[in-house]
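Accompanying notes for the structure given below.
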Amino acid sequence: MERKIRILIVEDEAAIRTGLTDVLLYHGYEVDEAADGPAGLEKALTGTFDLILLDIMLPGLDGYEICNRIRSQDREQPIIMLTAKTSDDDIIQGLSLGADDYIGKPFSVAQLVLRIQAVLRRARIGVDIRNHIRLGDDIEVDTRNLCGRRGGERLSFTRREVEVLQYLRANSERPVSRDELLSKVWGYARNLGIETRTVDIHVAKLRRKLESDPAAPRHLVTVRGAGYRLLTD
Ligand code: CA
3 MERKIRILIV EDEAAIRTGL TDVLLYHGYE VDEAADGPAG LEKALTGTFD
53 LILLDIMLPG LDGYEICNRI RSQDREQPII MLTAKTSDDD IIQGLSLGAD
103 DYIGKPFSVA QLVLRIQAVL RRARIGVDIR NHIRLGDDIE VDTRNLCGRR
153 GGERLSFTRR EVEVLQYLRA NSERPVSRDE LLSKVWGYAR NLGIETRTVD
203 IHVAKLRRKL ESDPAAPRHL VTVRGAGYRL LTD
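Position 178 of the sequence shown, counted from 1, bears residue number 180 in my numbering, the numbering being contiguous throughout.
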């Protein structure tokens with residue numbers, strides 16, 4: 003079974019906090035709460051949450067500062083600011099500190115739940131794009147953990163192999179030359195003529211892992227005279 007999505011509520015007004023908790027539990031989320039700024043920051047930085055609902059006017063430490071501190075440690079943490087402060091300036095300040103969304107009080111529960119779902123959906127897509135490369139129906143590469151699978155077969159990769167794949171995927175609309183790979187992935191300022199073999203060796207290793215027939219690749223293809231191209235379909 004998939005684990006439950008965890009949401010942290012940082013809100014000092016007990017009635018709102020309790021109401022939010024009830025709503026989120028009802029929708030199947032797991033909930034943790036903090037009733038003031040310092041406790042909220044502590045939980046946000048030490049716990050693992052899929053989303054943080056963050057009030058702005060809080061005792062001890064305001065929501066802007068908490069958002070700022072969370073962002074300095076974790077750029078990707080989804081945060082929705084929740085507040086009675088709904089002037090343009092407040093909203094702009096919240097969003098520019100990196101909140102993913104901003105909901106004014108009083109809010110409708112239906113709207114809140116939809117916004118939460120939208121932020122979670124975007125976050126999940128972001129994680130998938132950053133951490134996974136999919137090729138065809140049966141190949142998946144987890145670029146963060148340097149592993150993957152082809153059909154039922156488990157694969158492991160070196161950091162450099164994954165970097166080659168990531169660069170090719172980021173430029174998958176065109177072939178990428180060996181010189182460009184050497185420059186962008188290996189960081190060589192200039193191809194001295196001997197290193198292109200390094201690229202070929204990495205490509206050959208990747209093909210042995212990713213292709214069902216490495217001699218006739220379907221995904222990591224050679225474009226004659228131009229370089230390599232990653233076909234993700
Ligand atoms: Ca408050």
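Heads up, the beta-carbon is just placed ideally off N, CA and C, and yes, glycines get one too. Predicted model, so just to flag it, every value in this text is computed and none were measured.
Original post:
Can you name, in chain order, every residue of its own chain whose Cβ lies under 7 Å from the Cβ of Glu35, other than the five neighbours on each side?
Top reply: Ile11, Arg19 and Thr23
**OP:** Could you tell me the distance, in whole angstroms, from the CA atom of Leu184 to the CA atom of Ile72?
**Re:** 36 Å
Subject >> Nearest candidate by alpha-carbon position, reference Val164, set Arg156, Trp188, Thr198 and Leu148 >> reply: Leu148
**OP:** Give the straight-line distance between the Cα atoms of Lys87 and Val33, rounded to the nearest whole angstrom.
**Re:** 24 Å
Subject >> Distance between Ser98 and Met3 (C-alpha atoms, nearest Å) >> reply: Here Met3 scores only 41 on pLDDT, less than 50, and its place in the model should not be relied on; the value that follows carries that caveat. One C-alpha to the other measures close to 37 Å.
**OP:** Work out the CA separation of Arg123 and Pro80 for me, nearest whole Å.
**Re:** 10 Å
Subject >> Beta-carbon proximity check, Asp140 vs Arg156, cutoff 8 Å >> reply: no
Original post:
Where the beta carbon is closer than 5 Å to any heavy atom of ligand 1, which residues qualify, in chain order?
Top reply: Asp14, Asp57 and Met59
Original post:
Which residue's Cα is closest to the Cα of Arg226: Arg126, Val178, Tyr104 and Lys107?
Top reply: Val178
Original post:
From what residue to what residue does the alpha helix (DSSP H) around Val205 run?
Top reply: Thr198 to Leu212
Original post:
Going by the beta-carbon positions, is the gap between Leu60 and Leu84 smaller than 8 Å?
Top reply: no
Subject >> Burial state of Thr145 (16 or more Cβ within 10 Å) >> reply: buried
Original post:
What residue does the alpha helix (DSSP H) around Arg136 start on, and which one ends it?
Top reply: Per DSSP, Arg136 belongs to no alpha helix (DSSP H); it is in the beta strand (DSSP E), His134 to Leu137.
Subject >> Reference Leu232, options Asp215, Leu208 and Ala217, closest by Cα >> reply: Leu208
Subject >> Nearest-angstrom beta carbon gap, Gly229 and Arg180 [assumed within contact, 8 Å] >> reply: 6 Å
Original post:
Short check: CB of Ile9 to CB of Leu53, under 8 Å?
Top reply: yes
Subject >> Segments assigned alpha helix (DSSP H), at least 4 residues, entirely inside the segment 32–72 >> reply: 39–48
Original post:
Hey, is Ile141's beta-carbon within less than 8 Å of any beta-carbon in chain B?
Top reply: Protein chains in the displayed structure number just one, and chain B is not present.
**OP:** Take Gly21 and list the residues in its own chain whose beta-carbon comes closer than 7 Å to its own, dropping the five residues that flank it on each side.
**Re:** none
Original post:
Would you report the Cα separation of Gly65 and Ser74, rounded to the nearest angstrom?
Top reply: 14 Å
**OP:** Confirm, please, whether the CB-CB distance from His204 to Val166 is below 8 Å.
**Re:** yes
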